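Q:
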Amino acid sequence: MFHYPFNPAELSETARIWWDLFGFYLTVAIILGVVVYAGLVLIPWIYSRRRQAVDEIQPGVIPGERGRMAYLAVIVILIAASFIAIFVESYLAVNKLAATLEEKYNVDIEELQAGEADGVLVVEVIGFQWGWTFRYPNGVETDILYLPAGRPVIFKVTSEDVFHAFSIPDLRVKVDAIPGQVNVTWTVPEKPGTYRVQCYELCGVGHAEMITKAIVLPPEVFDFWYESQSEKLESEGGEQ
Amino acid sequence: MASEAANGGNNVALLAAIAIGVIFFAATSVALGYFMVFGENLAGPPQDIYIIRLSEYVIEPEPDPIIVKVGQPVVFRIVNEGSAEHEVMFVADLEMMANMIKEASLRLQQENPELSVEEIMEIVDERHEMIMEEMLEKAFAGKIEGEELMIELEPGESTVVTFTFLEPGIYIIACLKQEGTFPGTHAEEGMFNQVIVVEG
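The listed protein sequences derive, respectively, from chains S and E. Counting from 1, one number per residue, gives the positions in the first sequence under my numbering. Counting from 1001, one number per residue, gives the positions in the second sequence under my numbering.
(1) Using a Cβ cut-off of 8 Å (strictly closer), state whether P245/S contacts chain E.
(2) State the start and end residues of the unbroken alpha helix (DSSP H) segment that holds Q1109/E.
(3) Answer with buried or exposed for S159/S, where buried requires no fewer than 16 other C-beta atoms within 10 angstroms of its C-beta.
(4) Which of the three DSSP states, helix, strand or coil, is assigned to F6/S?
(5) Taking its Cβ as the centre, do 16 or more other Cβ atoms sit within 10 Å of S228/S, making it buried, or is it exposed?
(6) Hey, out of S90/S, P219/S, I79/S, whose CA is closest to D20/S's CA?
(7) Would you mind listing the beta strand (DSSP E) stretches within the segment 99–165 of chain S that are 3+ residues and don't spill past its ends, in chain order?
(8) With a cut-off of 8 Å, does the C-beta of A1016/E fall near any C-beta of chain S?
(9) So, with DSSP's three-state summary, where would you put G193/S?
(10) What is the DSSP secondary structure of Q229/S, counted as helix, strand or coil?
(11) Taking the beta carbon of L202/S as the centre, do at least 16 other beta carbons fall within 10 Å, making it buried, or is it exposed?
(12) Hey, could you find the ends of the alpha helix (DSSP H) Q1163/E is sitting in?
(13) Who are the near neighbours of K156/S in its chain, counting only those whose CB is closer than 6 Å to its CB and skipping five residues on each side?
(14) What three-state label does DSSP hand E1258/E in the structure shown?
(15) Counting only runs that start and end within the segment 69–103 of chain S, where is the alpha helix (DSSP H) found for 4 or more residues in a row?
(16) Less than 8 Å between the CB atoms is what I'm expecting for Y25/S and I86/S, so what's the real figure, rounded?
(17) Beta carbon of P44/S, beta carbon of I1018/E: below 8 Å?
(18) So is Y71/S buried or exposed if we call it buried at 16+ other beta carbons inside 10 Å?
(19) Quick test of your reading: V188/S and G150/S, contact by CB under 8 Å. State the CB separation rounded to the nearest angstrom.
(20) Throw me the rounded Cβ distance for the E190/S and S12/S pair, which I believe falls under 8 Å.
(21) Out of curiosity, what's the CA-to-CA distance linking H164/S and E1087/E?
(22) What runs of the beta strand (DSSP E), each 3 residues or longer, lie entirely inside the segment 171–224 of chain S?
(23) Would you mind telling me which residues of chain E sit closer than 7 Å to Y37/S, beta carbon to beta carbon, in chain order?
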C-alpha cells in the first residue's frame, strides 16, 4: 500500500524542499566520511612504514609528532564548517517553506488568515482519540482526506483531546496537533494517488491504528467530488 | 630481524583488519542508505494483479492505489461485497457522465410521475447502456485494450478481467448506478477511484 514507482521528490512541493535539504546533508556527510575513513586507513599505514617508533618513551621529552597545531586547526575547521553549513542550509530550507508558498503560488499569508485567498484549499484537520476529521471550507466533514493535484493546500491542524501529530509521510507533511492551538502547514501534492495519513505522536492505546488515507485526485475529479458533497450537504440541510 | 618480521606481520594483519572493517562498514552503509532513500519505492512496483472490492459507495483496490505499466496486461479481480448492484466503468469525464444520468432520470420522473424509482432506474439503465458503450469505445479506443469497459456485478458476484493500458496517465473508474442514492449516482458519494498508468 502507498508505494510509488516515482521519484519521491516529485510527489509534492514540500517533498522537493525536504529532499533538497536531505541531499545537502548527505553531501556533507559523505565529505566528512571520506576524510575520516581516509585518515583511518592512511594514518596507520604511514606510521607503520616508519623505521623509528614515534611513540617510544623518551624521559623528559614530549613527542613532537603528536598534537601539532596544524592538525588541530584542520579538525576544528572541518567540524565548525560542517556545523555552520548545515545550520545555514537548514535555516534557508525553513525559510523556503514559507517563501515558496508566497512567491511560487502567489498566496498572501495575511489575506489567507483573513479567509480571502483564492485558489487555495484550506482544510481543517481535527485529531481525536483515535482518528482524524477533515473539514472542508463548504462544511463537509470526512475521515478520508481528498486533495486536488497541483493546487496548494493549507492544513489547519488541531486536536480535540490529547497531543497528536498529523503527517502524510510521502508528501513530507508533518505538524503537531495540539488541543487549544491551531498549527498551520501546507503542501502542493503533484502526483495523483493514495497516500498514508498517520499520527506521529504517541497518543494512547489506539495510536498505531490512527491511520487513514489521503487520496490525491486530478483537479477535475476533485471538483466533481467537492461539488457533489456540497450539494448533498445542502439538500440534507434543506430536509432538516 | 626476528622482531622486524613480527612487526611486518602485525602490520599486515592490522591493515587487513582495518580494510575488512572499512569495506564491511561501507557496504552496510550503502545498503542501509539505499533502503532508506529508495526503500519506500522498492516495496510497491506496478503489479500484475489487483483485487478491487466494491461496497456501499467505495471502490477499494488492493494494493492501493492501482499502478500499472504501459503495455503490460493487468488482471483485475472485481468483487461486489455490497448489498446493491455495482459496476466498474472507465469514464473519460466523470462529471459529465454523472450529470447525464442524473438529469435523464429527473426528466423521466417529471414526464412520467406514475413510474416508481426502480422502474426509472431500469429505464435509464437500458437507454444508456448502448450509448455508454459506444462512448466508452470511442473515448478509450487506442488507450485501453480489454473485453469490456463496463463491468456490472450483482451483490456477491465477482469476476476477473484483463486490461492492457496503451497510454500513460490517470484513468478514472466509477460506479454510476443509482440504487440507494437516486437521483444521484454512487459516484457522487465517492464511489470512484483511479488507475495510474506509468511508463516503464
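All C-beta atoms in this analysis are idealised placements derived from N, C-alpha and C, irrespective of residue type, glycine included. Remember, it's a predicted structure, so these values are computed and weren't measured experimentally.
A: According to the structure shown:
(1) Because residue 245/S is not part of the residues shown, which for chain S are 1 to 240, the question remains open.
(2) 1094–1111
(3) buried
(4) coil
(5) It is buried - the Cβ of S228/S has at least 16 other Cβ atoms within 10 Å.
(6) S90/S
(7) 121–128, 131–135, 145–148, 153–159
(8) It does not; no Cβ of chain S falls within 8 Å.
(9) Here G193/S carries a strand assignment [DSSP, helix/strand/coil].
(10) helix
(11) exposed
(12) According to the sequence provided, residue 1163/E is Phe. The question's Gln does not apply to it. Run containing F1163/E: none in the alpha helix (DSSP H); it sits in the beta strand (DSSP E), 1158–1165.
(13) Same-chain partners within the cutoff: E124, V182, V184.
(14) No answer is possible for residue 1258/E: the residues shown for chain E start at 1001 and end at 1200.
(15) 69–103
(16) 7 Å
(17) yes
(18) exposed
(19) 7 Å
(20) 6 Å
(21) 39 Å
(22) At a cut-off of 3 residues, the continuous stretches assigned as beta strand (DSSP E) that sit fully inside the segment 171–224 of chain S are 173–177, 183–187, 193–199, 211–217.
(23) V1022
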